[in-house]
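Peer 1:
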Amino acid sequence: MTGVLRRALRAGTRTGAVLAAVLAAVAVGTAGCGPGGGADGKPDRAGAAGSARPQPTFIGVFSPEKGSTVGTGAIVSLDFTRPITARAAVERAITVTSSPPVEVVGHWFGDQRLDLRPAAFWRPGTVVTLHLRLRGVQGAPGVRGTQSKDVSFTVGRDQRSLVDAAAHTMTVTRGGRLLRVLPVSAGSPQHTTYNGIMVISEKYLVTRMNGSTVGFGGEYDIPDVPHAMRLTSSGTFVHGNYWSPPGVFGTRNVSHGCIGLQDRKGGGADTPAGWFYRQSMIGDTVEVVGSQDETVAPDNGEGGWNLSWPQWTAGSAL
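Numbered according to the numbering used here, the sequence shown spans residues 542 to 859.
1. Taking the runs of the beta strand (DSSP E) that are 3 residues or longer, which of them lie wholly in the stretch 733-817?
2. When you compare the CB positions of residue 812 and residue 803, do they come within less than 8 Å of one another, or not?
3. Going by beta carbon distance, what residues of the same chain come within less than 6 Å of residue 647, once the five residues before and after it are set aside?
4. How many Å lie between residue 700 and residue 672 at the Cα?
5. Counting along the chain, where does the alpha helix (DSSP H) carrying residue 863 start and finish?
6. Can you pull the DSSP bridge partners for residue 828?
7. Who are the near neighbours of residue 691 in its chain, counting only those whose CB is closer than 8 Å to its CB and skipping five residues on each side?
8. Go to residue 681, then tell me how far its beta strand (DSSP E) extends in each direction, as first and last residue.
9. Taking the C-alpha atoms as reference points, what is the distance between residue 725 and residue 679?
10. Which value, in whole angstroms, describes the spacing of the CA atoms of residue 718 and residue 697?
11. How long is the line joining the alpha carbons of residue 730 and residue 668, rounded to whole angstroms?
12. Suppose you measure from the CA of residue 599 to the CA of residue 623; what does that come to, to the nearest Å?
13. Just to confirm before moving on: does the CB-CB distance between residue 836 and residue 737 stay below 8 Å?
14. Express the C-alpha separation of residue 769 and residue 649 in angstroms, rounding to a whole number.
15. Helix, strand or coil for residue 676? Go by DSSP, reduced to three states.
16. Can you check which of these residues, 684, 612, 611, 706, is closest to residue 829 by C-alpha distance?
17. Checking the sheet assignment: what are the DSSP bridge partners for residue 649?
18. What whole-angstrom Cβ distance do residue 766 and residue 788 have, given they're in contact under 8 Å?
19. Alpha carbon to alpha carbon, what distance is there between residue 639 and residue 662?
20. When the Cα atoms are used, what is the spatial distance from residue 677 to residue 603?
21. Using beta-carbon positions only, say whether residue 616 and residue 740 come within less than 8 Å of one another.
22. Hey, how far is the Cα of residue 683 from the Cα of residue 627?
23. At the level of alpha carbons, what is the spacing between residue 833 and residue 735?
24. Only counting the same chain, and skipping five residues up and downstream in sequence, which positions put a Cβ closer than 8 Å to that of residue 764?
25. Between the Cα of residue 619 and the Cα atoms of 605, 613, 612, 610, which residue gives the shortest distance?
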């Protein structure tokens, strides 16, 4: 039932939302999802005694989280707290290594976001390390980085889901083996679902979905949407739906752009939505085909897998 904020919110939505949250966290002295400014324990020399004014600095807010286990489609992403004009210098100071080794290349989306990924999905069991060596690096005139740290995460099993919006089905596979085919209801003809590969970036057992936050005014406001998993920064989710008749799933597309699975109010563990929620992790991919919409933009969530490898590497500053 939740919607997709269309073309106007494609660029910049994710960066602004993430940075606002991080800056709020910093203001109260709490640690977030890897903001990491000066987190290596070394003092920031900018603004030392005798300086008339502290030198402006920047950090990269990164994902996935340190120590997390993610699906094979996870993309390493950094949102910078200030616009970056010296892209080559900043990108050179950021590397991603893995065991087993694989080439990882960066792609810039505007001047405040850098994503990094390999040519194909990660191999299950891979340990990935993000190396940030931004301390002292000039990202823009008079603006220097403050981070020097390494962040590692592990790639879990390879689960992929294919949604056929025309057939109203979602086929879930793991390691190439079929787990289950679920009936779904995708976006209506008026509010179609994006085609393309999307990546689960957040999971909520219960969340509120309000149409006014994604450009649909007062068309809906559901305070207790169960088993919700975010696919795009503009508002596409796969989630449980208890308000539509059971006969809708597998036969009709009635949502505002999301992928709905049958559920009960409060979330049922034995429902299709409950089952899929338990089977899924952040970094799993959900690919949509058969919709009348366009392919999701590569900067809308972790949509970078929709670019070919030559298109991806062309976005590097190196």
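In this text, a Cβ means the ideal position worked out from N, Cα and C, and glycines have one as well.
Peer 2: Short version:
1. 737-740, 743-751, 762-771, 778-782, 800-803
2. Taking the first residue of the sequence shown as 1, we reach residue 812 at position 271. Taking the first residue of the sequence shown as 1, we reach residue 803 at position 262. For residue 812 and residue 803, yes; Cβs fall inside 8 Å.
3. Locating residue 647 in the sequence shown gives position 106, counting from the first residue. Cβ within range, chain order: 632, 655, 657, 857.
4. In the sequence shown, residue 700 corresponds to position 159, counting from 1. In the sequence shown, residue 672 corresponds to position 131, counting from 1. When rounded, the distance between both Cα atoms is 27 Å.
5. The chain is shown from 542 up to 859; residue 863 falls before or after that span and cannot be answered.
6. Taking the first residue of the sequence shown as 1, we reach residue 828 at position 287. Looking at the DSSP assignment, residue 828 forms a beta bridge with 703, 738.
7. Looking up residue 691 in the sequence shown gives position 150. Excluding sequence neighbours, residue 691 sits near 670, 671, 672, 673.
8. Taking the sequence shown and counting its residues from 1, one reaches residue 681 at position 140. Run containing residue 681: 679-681, per the beta strand (DSSP E) assignment.
9. As a working mapping, residue 725 is identified with position 184 in the sequence shown. As a working mapping, residue 679 is identified with position 138 in the sequence shown. In a straight line, the C-alpha of residue 725 is about 49 Å away from that of residue 679.
10. For the purposes of this step, residue 718 is identified with residue 177 of the sequence shown, where counting begins at 1. For the purposes of this step, residue 697 is identified with residue 156 of the sequence shown, where counting begins at 1. Cα-Cα distance, rounded: 16 Å.
11. Here residue 730 corresponds to residue number 189 of the sequence shown, with the count starting at 1. Here residue 668 corresponds to residue number 127 of the sequence shown, with the count starting at 1. One C-alpha to the other measures close to 42 Å.
12. Along the sequence shown, one-based indexing puts residue 599 at 58. Along the sequence shown, one-based indexing puts residue 623 at 82. Between residue 599 and residue 623, the C-alpha separation is close to 6 Å.
13. As a position in the sequence shown, residue 836 is number 295, starting the count at 1. As a position in the sequence shown, residue 737 is number 196, starting the count at 1. Against a cut-off of 8 Å, the Cβ pair of residue 737 and residue 836 comes out as a contact.
14. The residue you call residue 649 lines up with position 108 of the sequence shown. The residue you call residue 769 lines up with position 228 of the sequence shown. Taking the straight line joining both Cα atoms gives about 29 Å.
15. For the purposes of this step, residue 676 is taken as the residue at position 135 of the sequence shown. If DSSP states are grouped into helix, strand and coil, residue 676 belongs with the strands.
16. Position 288 of the sequence shown, counted from the first residue, corresponds to residue 829. Of the candidates 684, 612, 611, 706, the one whose C-alpha sits nearest the C-alpha of residue 829 is 706.
17. One-based indexing of the sequence shown puts residue 649 at position 108. 655, per the DSSP bridge assignment.
18. As a working mapping, residue 766 is identified with position 225 in the sequence shown. As a working mapping, residue 788 is identified with position 247 in the sequence shown. Contact flag wrong, Cβ pair sits at about 20 Å.
19. The count along the sequence shown starts at 1 and reaches residue 662 at position 121. The count along the sequence shown starts at 1 and reaches residue 639 at position 98. So the alpha carbons of these two residues sit roughly 13 Å apart.
20. To locate residue 677, count along the sequence shown from 1; it is residue 136. To locate residue 603, count along the sequence shown from 1; it is residue 62. Between residue 677 and residue 603, the C-alpha separation is close to 18 Å.
21. Here residue 616 corresponds to residue number 75 of the sequence shown, with the count starting at 1. Here residue 740 corresponds to residue number 199 of the sequence shown, with the count starting at 1. Yes.
22. Walking along the sequence shown from the start, residue 683 turns up at place 142. Walking along the sequence shown from the start, residue 627 turns up at place 86. When rounded, the distance between both Cα atoms is 11 Å.
23. Within the sequence shown, the letter at position 292 stands for residue 833. Within the sequence shown, the letter at position 194 stands for residue 735. Answer to the nearest angstrom: the Cα atoms are 8 Å apart.
24. For this step, residue 764 is matched to residue 223 along the sequence shown. Once the five neighbours on either side are set aside, the close Cβ partners of residue 764 are 749.
25. Taking the first residue of the sequence shown as 1, we reach residue 619 at position 78. That would be 605, whose Cα lies nearest to the Cα of residue 619.
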